[in-house]
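Okay, so the sequence shown: first residue is 353 according to the numbering used here, each after it adds one.
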Amino acid sequence: MSPIAANLQGIHRAIDVAIAGRTHGNANPVKLVAVSKTRSVAEIRAAFEAGQRAFGENYVQEGVEKILEIGQSTWQSNQLETIEWHLIGPLQSNKAKLAAQHFDWVQSVDRSKIADALQLARPIDKPPINMLIQVNISQEAQKGGVMPTDALALGRYVTGLSQLRLRGLMAIVENTNNTESLKSQFAQMATLFDVFKREFQGVDTLSLGMSQDFEVAIAEGSSMIRVGSAIFGARV
Ligand SMILES: *Cc1c(COP(=O)(O)O)cnc(C)c1O
Numbered sequence: 353m354s355p356i357a358a359n360l361q362g363i364h365r366a367i368d369v370a371i372a373g374r375t376h377g378n379a380n381p382v383k384l385v386a387v388s389k390t391r392s393v394a395e396i397r398a399a400f401e402a403g404q405r406a407f408g409e410n411y412v413q414e415g416v417e418k419i420l421e422i423g424q425s426t427w428q429s430n431q432l433e434t435i436e437w438h439l440i441g442p443l444q445s446n447k448a449k450l451a452a453q454h455f456d457w458v459q460s461v462d463r464s465k466i467a468d469a470l471q472l473a474r475p476i477d478k479p480p481i482n483m484l485i486q487v488n489i490s491q492e493a494q495k496g497g498v499m500p501t502d503a504l505a506l507g508r509y510v511t512g513l514s515q516l517r518l519r520g521l522m523a524i525v526e527n528t529n530n531t532e533s534l535k536s537q538f539a540q541m542a543t544l545f546d547v548f549k550r551e552f553q554g555v556d557t558l559s560l561g562m563s564q565d566f567e568v569a570i571a572e573g574s575s576m577i578r579v580g581s582a583i584f585g586a587r588v
């Protein structure tokens with residue numbers, strides 16, 4: 353077994369343990385997005401061959417290069433179309449067109465201007481792009497995401513756009529070892545997610561948790577975790 357396959361197996365075990373210990377969101381399944389930013393196509397292939405299908409990229413250009421190369425590859429070709437590409441990094445309007453043409457999900461929508469750009473650029477022969485509203489739950493100045501109090505208004509806005517499908521919320525919590533503070537931020541997101549589920553049809557995804565904190569995130573109700581270094585090793 354490749355080291356990447358072994359890491360994936362370990363993470364799936366940890367996910368099951370975390371689900372069993374949940375305090376919120378007991379019914380939510382958990383989807384693992386393998387964050388492949390800075391990783392080679394060969395590393396992505398190792399994860400793919402271990403059964404991984406959802407991949408997350410931070411930079412549009414880097415992601416699209418890999419998407420195109422893998423799309424033309426000869427990997428188990430009947431499985432290739434089951435790969436799902438998530439854009440998880442900040443998105444500028446001038447990159448929205450390229451993103452809308454190639455990604456299946458955009459997790460970092462935090463203003464109406466970006467939603468408009470995606471709407472305009474999503475090819476009509478493709479299904480609507482799945483999108484999450486990124487929330488700046490720690491309210492750190494340098495961080496992307498809409499302020500929590502503005503999330504509902506943005507949700508209402510994007511549901512009027514036919515080429516976008518609002519699936520839920522994403523957040524990058526504060527980088528801290530303080531478990532209580534982490535839990536509190538995850539729990540605030542879970543509460544906002546409940547509001548979104550009541551307010552909007554089709555909302556089913558709460559994207560919270562990375563290598564360092566995905567167990568805590570799942571315990572608080574996360575349904576999608578974005579894990580890079582725990583799968584592929586530390587980024588250099
Ligand atoms: C890099 C990144 C991740 C993964 O981080 P790891 O610590 O390597 O698991 C998750 N989400 C976002 C938005 C990222 O930029």
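C-beta atoms are modelled at their ideal positions from N, C-alpha and C, and glycine is treated no differently.
Worksheet item: Could you give the residue range of the beta strand (DSSP E) that holds T557?
Response: It spans T557 to S559 - the beta strand (DSSP E) in which T557 sits, taken as one unbroken run.
Worksheet item: From what residue to what residue does the alpha helix (DSSP H) around S460 run?
Response: S460 -> not in any alpha helix (DSSP H); beta strand (DSSP E) instead, spanning W457 to V461.
Practice prompt. Tell me whether R397 counts as near ligand 1, meaning its Cβ is closer than 8 Å to at least one heavy atom of that ligand.
Written response: No; taking the cut-off as 8 Å, the Cβ of R397 has no heavy atom of ligand 1 nearer than that.
Fill in: Residues bridged to L544 [DSSP beta-bridge criterion]
Its beta-bridge partners do not exist; DSSP assigns none.
Discussion item. I need the boundaries of the beta strand (DSSP E) containing N482, first residue and last residue.
Written reply: I481 to Q486
Worksheet item: If you run the structure through DSSP and keep just helix, strand and coil, what is A402?
Response: coil
Worksheet item: CB V382 to CB M562, shorter than 9 Å?
Response: no
Worksheet item: Who are the Cβ neighbours of K465 in its own chain at under 7 Å, not counting the five residues just before and after it?
Response: S445
Worksheet item: Going by Cα to Cα distance, which pick from Q537, G554 and L558 is closest to F545?
Response: L558
Practice prompt. Could you please give me the residues that DSSP links to K383 through a beta bridge?
Written response: Within the DSSP bridge table, the entry for K383 names M576 as partners.
Discussion item. Let me check understanding here. Comparing Cα to Cα, which of G496, R517, I435 and G585 lies closest to P480?
Written reply: R517
Worksheet item: Using the C-alpha atoms, what's the distance from T528 back to G573?
Response: 19 Å
Practice prompt. Let me know if K418 comes out buried or exposed under the rule of 16 or more other beta-carbons within 10 Å of its beta-carbon.
Written response: buried
Item to complete: Flag V579 as yes when its Cβ comes closer than 8 Å to any non-hydrogen atom of ligand 3, and as no otherwise.
Response: As far as ligands go, the structure on display features ligand 1 and does not contain ligand 3.
Discussion item. Please state whether the Cβ-Cβ distance between I489 and A467 is less than 9 Å.
Written reply: no
Worksheet item: Among the residues of its own chain, which have a CB less than 6 Å from the CB of E395, if the five just before and after it don't count?
Response: F584
Fill in: Beta-ladder partner(s) of E395, from DSSP
Its beta-bridge partners do not exist; DSSP assigns none.
Item to complete: Let me know if V458 comes out buried or exposed under the rule of 16 or more other beta-carbons within 10 Å of its beta-carbon.
Response: buried
Discussion item. Taking a contact to mean a Cβ-Cβ separation below 9 Å, would you say R519 touches L484 in this structure?
Written reply: yes
Worksheet item: Roughly how far, in whole angstroms, is the beta-carbon of E551 from the beta-carbon of L513, given that I think they are within contact range, below 8 Å?
Response: Between L513 and E551 the Cβ distance is about 16 Å, and since that is not below 8 Å, they are no contact.
Practice prompt. Figure out for me which residue from A357, S354 and I363 has the closest Cα to the Cα of E567.
Written response: I363
Worksheet entry | Close Cβ partners of A582 (< 7 Å) along its chain, the five nearest in sequence each way excluded | N359, I363 and S563
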